[in-house]
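So the structure is just underneath, and the comments pick up after that.
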Amino acid sequence: MFFLKESEIKHLYSIKDATDNGIIFDEILKVCEHVKPQLADKGFAYTYAACLLASKDRIDESLKMFSLNKEDTFCSIMTDYLKDVGAFVMPGKVFESAAPYDIYIQTELYKKHQAGTVKNILNFAKKNNHPQQSDTPVTIMDIGPGNGVLTAQFVNKIVKLYKLKSIRIIFIDPFEDMLKTASENCKKNIDIECKTISICCKIQEITNEQIEIIKKSTPIWFINAAISVHHMPKEEKIPMLKLMKELSPNFILTEVNWNHDLPEKDSPELIYSVANSYGTFSKGILELSVSEEDRKLCLYHFPIAEAINIIKQERPARIDYHTTIEEWQNIGHEAGYEVSDPITTFPCKGKPFVFVMEFNSGIR
Ligand SMILES: C[S@@+](CC[C@H](N)C(=O)[O-])C[C@H]1O[C@@H](n2cnc3c(N)ncnc32)[C@H](O)[C@@H]1O
499 MFFLKESEIK
509 HLYSIKDATD
519 NGIIFDEILK
529 VCEHVKPQLA
539 DKGFAYTYAA
549 CLLASKDRID
559 ESLKMFSLNK
569 EDTFCSIMTD
579 YLKDVGAFVM
589 PGKVFESAAP
599 YDIYIQTELY
609 KKHQAGTVKN
619 ILNFAKKNNH
629 PQQSDTPVTI
639 MDIGPGNGVL
649 TAQFVNKIVK
659 LYKLKSIRII
669 FIDPFEDMLK
679 TASENCKKNI
689 DIECKTISIC
699 CKIQEITNEQ
709 IEIIKKSTPI
719 WFINAAISVH
729 HMPKEEKIPM
739 LKLMKELSPN
749 FILTEVNWNH
759 DLPEKDSPEL
769 IYSVANSYGT
779 FSKGILELSV
789 SEEDRKLCLY
799 HFPIAEAINI
809 IKQERPARID
819 YHTTIEEWQN
829 IGHEAGYEVS
839 DPITTFPCKG
849 KPFVFVMEFN
859 SGIR
């Protein structure tokens with residue numbers, strides 16, 4: 499496992515057994531007290547029990563359990579959420595509206611991720627000349643552009659590097675609001691003529707018709723996918739990447755080094771990864787000087803919504819399948835790419851939290 503030791507997992511399963519057997523709160527608490535000394539992160543015994551109880555809709559007991567580890571960021575935001583909403587359910591679809599995302603991009607985490615991705619794309623561009631044809635603009639593709647702020651930043655860098663006169667960007671995103679905002683932001687903020695093509699779909703569900711539209715704009719210099727291709731399980735990531743290899747030889751992946759794909763529902767590893775990842779992620783949102791209303795909008799419709807979905811749903815119904823670096827390397831190889839070493843753009847507790855990695859088809 500990635501986050502927990504086998505010995506810790508064995509002890510934590512006794513908490514799962516206790517909640518599965520529907521025993522009363524005080525008895526579950528006794529099991530937690532027994533497990534606690536066996537863990538490097540002692541408070542996780544309570545976090546784990548709280549998440550299992552919430553998942554079974556034992557909301558009051560879950561709240562009591564979260565409050566036993568309230569100095570932990572994940573437990574403290576979940577406590578506030580459960581008090582506010584009274585149920586362990588997602589408040590809506592993540593990314594349906596660009597508003598929570600506009601708040602999130604003010605965080606230090608986002609700024610570091612953005613700067614790291616821009617730097618790595620510029621380095622890629624220096625090493626790999628664009629395949630320009632005299633009669634067509636240089637074309638790139640961006641999967642899951644969000645509000646397009648990151649896209650505009652790296653495009654301006656490569657435009658300057660090659661003194662480009664025009665650029666064409668193919669956006670792929672399942673949400674119309676994101677596509678519209680990304681296109682508007684790029685047209686407004688990119689320093690040269692910018693043509694955009696928007697394709698509304700989940701990348702793993704792209705149709706042959708949509709592929710044909712994209713092929714009319716080849717060659718595509720590179721595909722950027724920043725924190726956007728973890729929305730499918732490993733079984734779908736590999737065919738998706740194989741398809742991308744047919745569209746462009748270069749795929750630049752920015753992802754989070756989390757473990758929400760292969761671990762099964764209710765497993766200690768899955769919940770440990772959720773609590774730690776979303777705890778760190780949410781800390782940045784708590785530090786922002788924004789109104790309480792905006793803070794809640796961002797927390798509830800982004801990290802908390804995703805965390806609840808991962809904890810509560812069976813694996814096929816998850817929306818997020820974040821994958822560790824090591825697993826992404828395996829996936830890239832299985833899809834037939836040469837895979838570069840990862841570059842950490844945001845470290846946390848001595849591990850990469852966000853990283854960038856290049857997949858190349860070997861054909862230049
Ligand atoms: C975390 S945001 C990243 C935005 C931007 N790339 C950045 O780094 O700032 C994730 C983006 O991926 C999009 N997305 C979600 N599921 C997707 C899928 N299955 N295929 C393509 N894009 C997806 C979301 O709508 C959103 O625009």
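Position 361 of the sequence shown, counted from 1, bears residue number 859 in this note's numbering, the numbering being contiguous throughout. A virtual CB, placed ideally from N, CA and C, is assigned to each residue, including glycine.
(request) Please go through the same chain and pick out, in chain order, the residues whose beta-carbon is closer than 8 Å to the beta-carbon of K740, but skip the five residues on each side of it. (result) A833, G834
(request) Would you kindly work out how many angstroms separate the C-alpha atoms of C573 and K625, rounded to a whole number? (result) 45 Å
(message) Could you tell me which whole beta strand (DSSP E) segments of length 3 or greater appear in the stretch 652 to 681?
(response) 664 to 671
(request) Provide the residue(s) that pair with L751 in DSSP beta bridges, ordered along the chain. (result) A723, M855
(message) Let me check you understand the geometry: is the CB of H799 closer than 7 Å to at least one non-hydrogen atom of ligand 1?
(response) no
(message) Please tell me whether, using a cut-off of 7 Å, the distance from the CB of P643 to the nearest non-hydrogen atom of ligand 1 is below it.
(response) yes
(message) Contact between the stretch 810 to 822 and the stretch 754 to 765 is defined here as three or more beta-carbon pairs at a separation below 8 Å; is this criterion met?
(response) yes
(request) Please go through the same chain and pick out, in chain order, the residues whose beta-carbon is closer than 6 Å to the beta-carbon of Q478, but skip the five residues on each side of it. (result) The structure shown does not extend to residue 478, since the chain spans only 499 to 862, so no value can be given for it.
(request) Could you please give the first and the last residue of the uninterrupted beta strand (DSSP E) stretch that includes C699? (result) Run containing C699: none; DSSP gives neither H nor E here.
(message) Taking 7 Å as the cut-off, is the beta-carbon of A623 closer than that to any non-hydrogen atom of ligand 3?
(response) As far as ligands go, the structure on display features ligand 1 and does not contain ligand 3.
(message) Can you tell me where the alpha helix (DSSP H) holding V616 begins and where it ends?
(response) 606 to 625
(request) Would you tell me roughly how many angstroms separate the C-alpha atoms of N618 and L745, rounded to the nearest one? (result) 21 Å
(message) Closer than 8 Å is the cut-off here; do at least three beta carbon pairs connect the stretch 746 to 755 with the stretch 668 to 681?
(response) no
(request) Say yes only if the C-beta of L648 is nearer than 7 Å to one or more non-hydrogen atoms of ligand 1, and no if none qualify. (result) yes
(request) Measure the alpha-carbon distance for Q811 versus K763 and round it to whole angstroms. (result) 7 Å
(request) Assign I557 to one of three DSSP states: helix, strand, or coil. (result) helix
(message) Does the beta-carbon of H820, which I'm using as the reference point, lie nearer than 7 Å to any heavy atom of ligand 1?
(response) no
(message) Closest to N748 by C-alpha separation, out of D524, P629, S565, T545, would be which residue?
(response) P629
(message) Quick check: what's the CA-CA separation for D640 versus I721?
(response) 6 Å
(message) Could you check whether the stretch 793 to 803 touches the stretch 530 to 540, counting it as contact only if at least three pairs of C-beta atoms, one from each stretch, sit closer than 8 Å?
(response) no
(request) Output the boundary residues of the beta strand (DSSP E) element that contains T842. (result) 841 to 846
(message) Tell me which residue opens and which closes the alpha helix (DSSP H) that Y769 is part of.
(response) It is worth fixing the name first, because residue 769 is Ile in this sequence and not Tyr. Unbroken alpha helix (DSSP H) run through I769: 766 to 784.
(request) Would you kindly work out how many angstroms separate the C-alpha atoms of F586 and P737, rounded to a whole number? (result) 34 Å
(message) Give me, in chain order, the residues of the same chain whose beta-carbon lies closer than 6 Å to that of E506; leave out the 5 immediate sequence neighbours on both sides.
(response) L537
(message) Applying the 10 Å Cβ sphere with the 16-neighbour rule, what's the burial state of T634?
(response) exposed
(message) Let me check understanding here. Comparing Cα to Cα, which of A543, D600, C846, K503 lies closest to A516?
(response) A543
(message) Let me check one thing: in DSSP terms, what residues is E691 bridge-paired to?
(response) S664
(request) To the nearest angstrom, report how far apart N645 and F669 are at their CA atoms. (result) 11 Å
(message) So, with DSSP's three-state summary, where would you put V587?
(response) coil
(request) Kindly examine ligand 1 and report whether one of its heavy atoms sits closer than 7 Å to the Cβ of S780. (result) no
(request) Answer with buried or exposed for D570, where buried requires no fewer than 16 other C-beta atoms within 10 angstroms of its C-beta. (result) buried
(request) Would you mind sorting A815 into buried or exposed? The rule is 16 or more other CB atoms within 10 Å of its CB. (result) exposed
(message) Suppose you measure from the CA of Y546 to the CA of E767; what does that come to, to the nearest Å?
(response) 10 Å
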